[in-house]
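Numbering (the UniProt record's numbering), first residue to last: 1 to 242. One structure is given below, encoded as structure tokens.
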């Protein structure tokens, strides 16, 4: 089974330290031991926002700010690589060919950002499409996809499952509301729709949730179900008895 796990920077590194990074690395290593080929993508999180805010105040333009954010995602990716040790590549992959080659060798591929104007949400979806993954998991700081920003709207409804075209519509609506926070960005949603990639959006602050979602399809997040696929993910998730 091939799986891509996209880990938000605020999930992996809520503050600079080792515990959360080591816990996520342990989950990735366990999945590899189970026979999975795992590609990971790491976001920038709060540290990236702080650097970008400082650089904007110094007069940096938007492309320069994007490049600074990419640098921070790759620093976070290096933390994950350090925790993975010999199971991973020695440096973050800078393009999809490099990431795919690492997976073909049997290594854990680790990526940060790739290009300006593209988030790591989109990188995760593009990597999953590139390697024809069985599953894409977004480990975010929220429990799934909502009709509105749950931090701002107490009446926001969480979706247990969505078709890919419905995900695009929901994310587009969120992104049109200034200041609203979406767990996956619009470009990522469109890539997921194009590729027909089975996707799970979940709260990854507890890394064990990622392992359960990959192994058994068990989670409290949102399933994005490809057109024509059944609701139960029996074609990739293992049964408890196996």
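Just so you know, even glycine gets a beta-carbon here, dropped at the ideal spot from N, CA and C.
Can you give me the C-alpha to C-alpha distance between residue 162 and residue 225, rounded to a whole angstrom? Residue 162 and residue 225: Cα-Cα distance of roughly 6 Å.
Going by beta-carbon coordinates alone, are residue 40 and residue 80 separated by less than 8 Å? In this structure, residue 40 sits near residue 80, with a CB-CB distance shorter than 8 Å.
Contact the stretch 204-212 vs the stretch 145-157: 3+ CB pairs below 8 Å: The way I'd put it, the stretch 204-212 doesn't touch the stretch 145-157; fewer than three beta-carbon pairs between them come closer than 8 Å.
What is the DSSP secondary structure of residue 195, reduced to helix, strand or coil? Residue 195: helix per DSSP, three-state reduction.
For residue 95, which residues of its own chain have a beta-carbon under 8 Å away from its beta-carbon, when the five flanking residues on both sides are left out? For residue 95, same chain residues with a beta-carbon under 8 Å away, outside a window of 5 residues either side, are 114 in chain order.
Relative to the C-alpha of residue 27, which residue among 196, 182, 221, 215 is closest? Of the listed residues, the one whose Cα sits closest to residue 27 is 215.
Test item: CB-CB of residue 129 and residue 195 under 8 Å: Yes, the Cβ-Cβ distance between residue 129 and residue 195 is below 8 Å.
Check whether the Cβ atoms of residue 137 and residue 202 sit closer than 8 Å, and answer yes or no. Cβ distance < 8 Å, so residue 137 and residue 202 count as in contact.
Is the stretch 42-52 close to the stretch 1-16, with three or more CB pairs under 8 Å? The stretch 42-52 makes contact with the stretch 1-16; the number of CB pairs closer than 8 Å reaches 3 or more.
With a CB to CB cut of under 6 Å and the five nearest residues on each side skipped, what residues in its chain are close to residue 37? Only 2, 103 meet the Cβ criterion.
Does the beta-carbon of residue 7 have 16 or more other beta-carbons within 10 angstroms, so that it is buried, or is it exposed? By the 10 Å Cβ count, residue 7 comes out buried.
Our contact map puts residue 83 next to residue 42 with C-beta atoms below 8 Å; I'd like the distance itself, whole angstroms only. With a Cβ gap of about 11 Å, residue 83 and residue 42 do not count as contacting.
In this structure, how does DSSP classify residue 7 when only helix, strand and coil are distinguished? Under the three-state reduction of DSSP output, residue 7 falls in the strand class.
With DSSP as the reference, label residue 200 as helix, strand or coil. Judged by DSSP in its simplified three-state form, residue 200 adopts strand.
Here's the rule I'm using: 16 or more other beta-carbon atoms within 10 Å means buried, otherwise exposed. How should residue 127 be labelled? So residue 127 counts as buried.
Nearest-angstrom Cβ-Cβ length linking residue 144 and residue 222, presumed shorter than 8 Å: About 4 Å separates the CB atoms of residue 144 and residue 222; that is less than 8 Å, so the two are in contact.
Reduced DSSP category for residue 87 - H, G, I as helix; E, B as strand; rest coil: In the three-state scheme derived from DSSP, where H, G and I count as helix and E and B as strand, residue 87 is classed as helix.
Can you check whether the CB of residue 140 is closer than 8 Å to the CB of residue 185? Remark: C-beta atoms of residue 185 and residue 140 do not approach each other more closely than 8 Å.
Is it buried or exposed, residue 112, if we count other Cβ atoms within 10 angstroms and call 16 or more buried? The residue in question, residue 112, is buried, as its Cβ has 16 or more Cβ neighbours within 10 Å.
DSSP has residue 136 in a bridge; who is on the other side? The partner list for residue 136 (beta bridge, DSSP) reads 4, 199.
Determine the DSSP secondary structure at residue 53, reduced to helix, strand or coil. For residue 53, the secondary structure class from DSSP, reduced to helix, strand or coil, is helix.
Could you tell me which of 89, 192, 172 sits nearest to residue 164, measuring between CA atoms? Minimum Cα-Cα distance from residue 164 among the listed residues 89, 192, 172 corresponds to 192.
Exposed or buried, residue 131, counting other C-beta atoms within 10 Å across all chains shown (16 or more means buried)? It counts as buried.
Inter-residue spacing [alpha-carbon to alpha-carbon] between residue 174 and residue 142: A straight-line Cα-Cα distance of about 14 Å links residue 174 and residue 142.
What does the alpha-carbon distance come out to for the pair residue 156 and residue 170? As the crow flies, the alpha-carbon of residue 156 is around 12 Å from that of residue 170.
Does the distance between the C-beta of residue 57 and the nearest non-hydrogen atom of the ligand FAD fall short of 7 Å? With respect to small molecules bound, the structure shown includes none, and the ligand FAD cannot be examined in it.
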